[in-house]
Amino acid sequence: MPEADDHGEKSFFPDVPASREPFFLKGACAYDWGMQNRLARIFQAGSGRTVMLAFDHGYFQGPTSGLERLDLNIVPLAPHADALMLTRGALRSTIPPTYIGGIVMRASGGPSILKDLSNERVALDMEDAARMNVHAVAVQVFVGGEHETQSVENMTRLVDSGYRYGIPVLGVTAVGRELTRDARYLGLATRICAELGAQFVKTYYLEEGFERVTAGCPVPVVMAGGKKQPVLDALTMAYRAVQEGAAGVDMGRNIFQSAKLRATQPEFHQLRRAE
Ligand code: R5P
Numbered sequence: 033m034p035e036a037d038d039h040g041e042k043s044f045f046p047d048v049p050a051s052r053e054p055f056f057l058k059g060a061c062a063y064d065w066g067m068q069n070r071l072a073r074i075f076q077a078g079s080g081r082t083v084m085l086a087f088d089h090g091y092f093q094g095p096t097s098g099l100e101r102l103d104l105n106i107v108p109l110a111p112h113a114d115a116l117m118l119t120r121g122a123l124r125s126t127i128p129p130t131y132i133g134g135i136v137m138r139a140s141g142g143p144s145i146l147k148d149l150s151n152e153r154v155a156l157d158m159e160d161a162a163r164m165n166v167h168a169v170a171v172q173v174f175v176g177g178e179h180e181t182q183s184v185e186n187m188t189r190l191v192d193s194g195y196r197y198g199i200p201v202l203g204v205t206a207v208g209r210e211l212t213r214d215a216r217y218l219g220l221a222t223r224i225c226a227e228l229g230a231q232f233v234k235t236y237y238l239e240e241g242f243e244r245v246t247a248g249c250p251v252p253v254v255m256a257g258g259k260k261q262p263v264l265d266a267l268t269m270a271y272r273a274v275q276e277g278a279a280g281v282d283m284g285r286n287i288f289q290s291a292k293l294r295a296t297q298p299e300f301h302q303l304r305r306a307e
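Residue 33 is where the sequence shown starts when you use our numbering, and the numbers rise one by one after that.
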């Protein structure tokens, strides 16, 4: 018999099953709501894809070309990316708090380009990451590097604290100069990151065997950009990476060092000066 209250008859639709939609990202169905929600701020729910704009380079190399003025070089680009990969200094000093896209924050650091880069430590407290509403933290992992174990421990410590706050960890596979960037090596490095808890992994594209790297990684892989290339080459590399299993890209220099973009900046900022 129907029940009645102040709003009329209640309808419970007993013949309509509750939704049991699985979460859309690879390997992510068992995470808590907060972690899934943050991942959905980085990856588009419809496609499972992301375009991340990386400009965290200053954390070890200072004001590199294209990042001399984050406010002028990067802020105008921010609305065009799904997520920004940056440092907490850049976020607090430069990114308007009205920004509502994804935020992936650099959480390891220490050595500058003048030293051994693999000797990193955790450089961000997860409580501060939560205070800034970040959607993931990123940590460099130097598989095969002199400080391999220390960098893996940096990651696992962040994964543990990330679970306490519902903040995912991006494991970034850093390839030392002495190592060969091939499918065997990147398959090893990405798999170690995923098995030890990273919720997504960033690695380089390979002409040979990239699809084996993405298939062997149980969580989403995003492609790192690397050095500036001609625009068509960079776009072709990104297209192939996605065709071969990447969930998206996390690119820096191929965007902010673009000659076309750099050429439009003086005009753009001239307009701002005139305002
Ligand atoms: C590298 O250590 C940083 O995490 C960069 O954010 C990353 O390598 C992506 O930048 P790019 O596309 O310039 O290589």
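A virtual CB, placed ideally from N, CA and C, is assigned to each residue, including glycine.
- The shortest C-alpha to C-alpha distance from V274 to any of Y237, V263 and F56 is the one to Y237.
- Here R120 is buried, its C-beta having at least 16 other C-beta atoms within 10 Å.
- Take the alpha-carbon of G198 and the one of E276: they are about 29 Å apart.
- For L156 and S51, the gap between their C-alpha atoms comes out near 38 Å.
- Nearest Cα to N186 within the set G208, V207, R196 and A230: A230.
- Assigned with DSSP and collapsed to three states, T130 falls in coil, not helix or strand.
- Relative to the non-hydrogen atoms of the ligand R5P, the Cβ of A86 comes within a distance shorter than 6 Å of at least one.
- Across the structure, A295 and T82 are spaced so that their CA atoms are roughly 26 Å apart.
- Nearest to P129 by C-alpha distance, out of P200, R163 and K259, is R163.
- F75 sits in coil when the DSSP states are folded into three classes, being neither helix nor strand.
- By the neighbour-count definition (other C-beta atoms within 10 Å, threshold 16), L267 is an exposed residue.
- Three or more beta-carbon pairs separated by less than 8 Å link the region 91-99 to the region 138-146, which places the two stretches in contact.
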